[in-house]
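Residues are numbered in the working numbering as their position in the sequence shown, beginning at 1, plus a constant of 449.
Backbone N, C-alpha and C fix where the C-beta goes; we use that ideal spot for every residue, glycine too.
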Amino acid sequence: MNLAAKAADATAGDLRYQLSFGQTARECVVQGATLIIKVGVQGRVILGPMGSPGQVDVPLRYAVVREGPQPKTVATKFKRLAVTIPPGQTHVQFVDIEEGLAFPMPSRSELDTYVVYVGFDEIGDKNEKKPPKTARKTTTRQQ
Numbered sequence: 450m451n452l453a454a455k456a457a458d459a460t461a462g463d464l465r466y467q468l469s470f471g472q473t474a475r476e477c478v479v480q481g482a483t484l485i486i487k488v489g490v491q492g493r494v495i496l497g498p499m500g501s502p503g504q505v506d507v508p509l510r511y512a513v514v515r516e517g518p519q520p521k522t523v524a525t526k527f528k529r530l531a532v533t534i535p536p537g538q539t540h541v542q543f544v545d546i547e548e549g550l551a552f553p554m555p556s557r558s559e560l561d562t563y564v565v566y567v568g569f570d571e572i573g574d575k576n577e578k579k580p581p582k583t584a585r586k587t588t589t590r591q592q
């Protein structure tokens, strides 16, 4: 993912930061009728010509998708990871582990269609479904 100083007509010289993944790993555990997936990711943030040391928010999206003719997102989690590039450095590595991807255990025949994705999500939590608002309770005061 590239973050430029200006969005319109950005060139390589406008690059502030470049985010990339190095390695990923996953671990699956069955608890009762639930499959729990732990996903780890290692990546790095590199300064571009317009970048400067300091904090960079890395927008991570973890997702489990049942692939096929009609793909379906089974579990998803978004988080912003704060990564700091110290003064005098041009890049820094980051590591994140997500342990909260849980969903009903699929049948053996469906299991091979489930895919774990990790990516950068620039839109981020704007895509998250908010819990429904509950109606306010009105209270009356007695005198």
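Item	Value
State the DSSP-derived secondary structure class of S469, mapped to helix, strand or coil.	strand
Going along the chain, which residues of its own chain have a beta-carbon closer than 6 Å to the beta-carbon of V473, five neighbours each way excluded?	Inspection of the sequence shows that residue 473 is occupied by Thr rather than by Val. So the qualifying residues of the chain are V490 and V567.
Helix or strand or just coil, what does DSSP make of L464?	strand
Quick one: what's got a C-beta closer than 7 Å to V505's C-beta in the same chain, skipping five residues either side?	Y466, V494, V532 and I534
Residues bridged to E410 by DSSP?	Outside the modelled stretch of the chain, which goes from 450 to 592, sits residue 410, for which no answer is possible.
For P502 and M554, what's the separation of their Cα atoms in angstroms?	44 Å
Can you give me the C-alpha to C-alpha distance between P520 and V514, rounded to a whole angstrom?	7 Å
Report the residue from G500, T483 and K487 whose alpha carbon sits nearest the alpha carbon of H540.	G500
Please state if the CB of G497 and the CB of K526 are separated by a distance shorter than 8 Å.	no
Give the straight-line distance between the Cα atoms of E476 and K487, rounded to the nearest whole angstrom.	5 Å
Classify G492: buried if its beta carbon has 16 or more other beta carbons within 10 angstroms, exposed otherwise.	buried
Helix, strand or coil: which one does DSSP assign to D574?	helix
Can you tell me which of V523, L530 and Q538 puts its alpha carbon nearest to the alpha carbon of L484?	V523
Is M450 helix, strand or coil by DSSP?	coil
Which whole-angstrom value is the C-beta distance of P508 and G573, which I expect to be below 8 Å?	5 Å
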